[in-house]
Structures are given as structure tokens and as C-alpha cells.
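Residues 488 to 1007 (the numbering used here) make up the sequence shown, in order.
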Amino acid sequence: MNLFSPHLKRNELIKFAKELDFSKSQDLLINVHRNHAFEGVQSIIAPFLHFANLRAEFNFSSYDDSLSFDNFKEASLELLWLDLTRYKNNVQNFIEERLLELRKISQNPILVLSLGEFKTDKKILNCEIFNIEKLIKEYFDEEDILDLAKEELTGSKLNNKALIFLAQILGLSLIPALVKPALKALVLDLDNTLYQGILGEEGIDNLNLSPLHKTLQEKIKTFKKQGFLLALASKNEEKDAKKLFETRKDFILQWDDFDARMINWEPKGENILKIAKKFNINTNAMLFIDDNIAELENTKFTGVKTLLCDENILYKIKLFPNLLKLSNTKEDQIRAKDIAANALREELKSLSDEEYFQNLEISLNFSKNNLQNIPRISELLGKTNQFIANYTRLNQEKVAQHMQKELIVSVSMSDKLSDSGIIAIFVFSCKEGNLFIDDLCISCRALGRKLETRMFFKAFELALHFFDLKNNNARLYYQKGERNMPFLSFLEQISKEFEKNSALIPFQNLNFKGLIIHEN
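This is the structure we're talking about:
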């Protein structure tokens, strides 16, 4: 079933859901706080969530205009499903007050979907607000969404078509964006994907930039501006492809927009593995878009996510799980520049550590309990998999709470080639004069730069001073995950005393020669 189609039928979705295997899906519990019926969405959302590797159980409140949050449970997400036309006046202040109250009892992401306009100037951490009318217009260009004649029967003013659209938007786009990390890279074919025609057969001037392909290029350009990495994987001659982008001034995308280019006659699966290695990311954080089904099938062994470029590509790319970024951070914008500089860094690795640091002019900034860094701290703890200790996955609210009582050190890095932004997080606590490292993570972008041990023990030193401790040992909590072998190998180098899921780390006073160190 094409789950991206704008023409899906309710009975077909219900039937399709019964055939699905959710054994490998991530389980969620979602609290639904509502004043009109959500069952029309809940009954058909499973196939869309399944595509995003999710399975959800919904915990419903009663129909409650007062939003008393009855039947509240510990969950993964808070969904406010509101018909604002049911309120007479002053709804703005009332909804704001209830959102602030919900934030007091829940640290989960909050998603508000309102029939009727609602905006707030209040800063509520990890809270996203969408107007249903605008949402459906944006995704499906549909304005006919109401069926007032059936409201008494269905419990909602929304018509069946609107409910199907909302199940798609929620299951494929919004819920994954709130509970899973965003993808990192898009890999694109050329022929009949970014334009209509075949470069090697029809020539540069005869390729057609159709309205569909132009809009697709515009959307991909937007992804680039949001910090996604872009790559080309095409069976063509590279010199011809480069000349194409230099010649076609009507193209939205330019040659330099692509952070990696694998334009050759090698199997695309092998090229995708090379792109992932260059980007230093896992293939499951990449989406490959091609018009050829056979090419997509031949790359699946890599673990890359795939998307067929056809007449529905604009719907697909809007809805595809984890392409939606609800907020863009500074780190999103600088990632591509940082990766582009990695080639020169690799050339310098034969130098001594001090020479390497001096040559690149590497600067590390250690920041203690910096409230401005909360979004990035939560993001990095939430998505790092290779160099992570304890998988605490702290959301923004929990990060803020930890900073009030304990210590979180964030480490930013820059060199003469680029600004890497925040690349490491260390979460400390102190109990009865003893230091504990509750979690830590280092971005894959920073690995292999001779910095891991130095960042660890510098943060360790700052924590000892912060808590004014005389005991120079720390207890580090960790878990063995599916992909955190780089961290586990590092742990074996710095500790010889292990207990179940923890290790005792003695402080080491290291040599930081060549590095520029800042603290704040």
C-alpha cells in the first residue's frame, strides 16, 4: 500500500493494519487530552506509525473542555486534540494556563492540534502547536475538511477525508519528529529524479526541469538550509554531471550544494556505503531517492532508507518519517561545513598530538549548566549511538531540571577549518561527597580527532571543582547498546574496576599542550 497517497480509503487501512508485524517497532504510550473525538484518527494510524518503526497505545481522557488531565499516565508524548470552536471566549489565556500546568506534571514532548487558531508567546519547552486547517492545507492542499451534519454521530466536526489526512501527518511526520532523531543526509539520483530525462542520452540542454522536478529541487534546497547533508549517487560521468549543474542556470540545486558526489558506474549500494563513511554517520540516518525500483532494492542491504521518485514524490518527501525538523539549531547549519573540512584533518593525523592541535588551531570551550545549550544537549543525548554511555535520552525539560540541582558540561569545538558547535555532553551528579557520571556522549563528528580522553578528563576536573570534592574518583554508569562499541572500548582504556553497569574512574591529569581551552 502506498501510504503517501492522498487518496487512501479507511477500510483499506484497517484491513492493511491487520497484516503488519510490529515486533521490531518502538512502543509508545500517548496521552490524548481531548474535547472532541480522536477515534477517527486512532483507528487508522497504525500503518503510518509502522512505516516509521513505531507502535502506539493511546490513553484517552474523557471529553473534557476544562482540560483537567484526568486519567494521566506516564507516557512518551502528550497530545492535545482540541476543537477551539467549543469555547466562547478568552480561550488563548486558558489554553496557555493549561499547557503550563501540563508541563508541571509531564516532561514529555507536547503536541497541540487545534481546530481553530491558537498561538502563544509563552515559552513552553518541547511544545509544538499546529492549526489543523493550516496543517492539512500545507500537506495536502485541501480546504474541505468539515462535516457538521455528522458531528453529533462522530463526535467531531472533521470529515472522514480530514481524519485520514491527519492520521498520515501524525503517524508519518509529527509523532516521529517528536520521539525520534531526524535523519542526517539525503542521497539523490540524477536522471529522472532531479529532472526529467537521461543526461548521457539526451544531453544537457534537452533535459526538462518540469514543475514537479523544480518543486522537488526547491524542497531539497530547503533541507540543505536546515542542515541536512546532501549527496549524489548517479550512474553517469562525473565531468558531465558537473557541467550539467554549471550550464543549467534554471536548476535550483547547484554543484556545491552536494557534500559528497559518487557519480560513476559502480553499484549504488557500494557508493552509499562510501558516502556514509565520508559523512561518518550510520546508513540508517540516510534517505536515498531514486526513480528506479531496482536500484532502490539493490541498496537495501546497506540499511539506507529508500524512497521511489514518482508522481507522488512531493507528498512523500513532506511526509517521510524524520525529515521534519521542528526546530533548527546552530549545529544543524554548521554540520556540512564541518564534514567538508574532515579531509584536511585526516591528512594531518600523522603529526604528534601537540603538532596536530596547533596546526589546526583546535579550540575547546567547556560550558557549565548553560541554559542556552539545552536544545542541543537534549538533541545530542537523544540521537548519539556510537559514543554514548547510559542512554538516558534526557528531554529538554529533564535537562533543565538536572541543571538546577547538578551539573551538565557541554563542550564546543572549533578549528581554523570550521566551527563544529557542541560536540560532547557530560552529565554529572554528586551524592554524599562522591562524583557520579550519569551519562556522556560525543558526536560522531568529533571522534578520531584525538580529543575524547582529553575532553573527558577536563570535564571530570571541572566537576570536581564545581562540587568542591576531595575524592578524585568518579562512578560512571553505562549500558551495552547495539552500537556503542566505540564508547565501551574507550571505557576499558580509562577504568579497570567494573561492576554491573558501572565503572570506577580515577582522575587523570592530562597534557593539553597545543589545545586552546576556554571555560565558562
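Using N, Cα and C, we set each Cβ at its ideal position, and we do this for glycine too.
Query: I685 versus S510 - alpha carbon distance; Result: 42 Å
Query: Extent of the continuous beta strand (DSSP E) to which V791 belongs; Result: Premise fails: V791 is in no beta strand (DSSP E) and is neither H nor E.
Query: Residues that A911 bridges to, as DSSP identifies them; Result: V898, I929
Query: Secondary structure, alpha helix (DSSP H): runs of 4+ residues fully inside the region 834 to 902; Result: 840 to 847, 861 to 870, 883 to 892
Query: Collapsed DSSP secondary structure at L696 in the structure displayed; Result: coil
Query: Given 8 Å, three or more beta-carbon pairs between the region 759 to 770 and the region 783 to 791; Result: yes
Query: Three-pair Cβ contact test at 8 Å for the region 653 to 662 versus the region 516 to 532; Result: yes
Query: Check whether L1033 and L645 have beta carbons under 8 Å apart; Result: Nothing about residue 1033 can be read from this structure; the chain reaches only from 488 to 1007.
Query: As assigned by DSSP and simplified to three states, the class of Y965; Result: coil
Query: Neighbour-count burial assignment, I750, 16 or more Cβ in a 10 Å radius; Result: buried
Query: The region 588 to 597 touching the region 857 to 873, judged by at least three CB pairs closer than 8 Å; Result: no
Query: Check whether F977 and E939 have beta carbons under 8 Å apart; Result: yes
Query: Continuous beta strand (DSSP E) stretch holding M488: start and end; Result: Per DSSP, M488 belongs to no beta strand (DSSP E) and is neither H nor E.
Query: Alpha carbon of F545 to alpha carbon of P596, nearest angstrom; Result: 15 Å
Query: Three-state class that DSSP yields for K668 in the structure shown; Result: One point to set straight first is that residue 668 is Pro, not Lys, in the sequence displayed. Of the three classes helix, strand and coil, the one that applies to P668 here is coil, per DSSP.
Query: Proximity of A876 and Y965 at Cβ, strictly below 8 Å; Result: yes
Query: Residues of its chain near F844, where Cβ-Cβ distance is below 6 Å and the 5 sequence neighbours each way are ignored; Result: G1001, L1002
Query: Cβ distance (whole Å) where H523 is taken to contact D570 below 8 Å; Result: 4 Å
Query: Three-way DSSP call (helix, strand, coil) for W568 in this model; Result: strand
Query: Contact set for D825: own chain, Cβ-Cβ below 7 Å, skip 5 residues either direction; Result: S905, S907, R932
Query: S549 versus E565: straight-line alpha-carbon distance, rounded; Result: 15 Å
Query: Entirely enclosed beta strand (DSSP E) segments - the region 585 to 666, minimum 3 residues; Result: 597 to 602, 614 to 618
Query: Limits of the unbroken alpha helix (DSSP H) element including Y550; Result: Taken as a continuous stretch (DSSP letters only), Y550 belongs to no alpha helix (DSSP H), being part of the beta strand (DSSP E) at 541 to 550.
Query: Within 8 Å, strictly: CB atoms of N960 and L991; Result: yes
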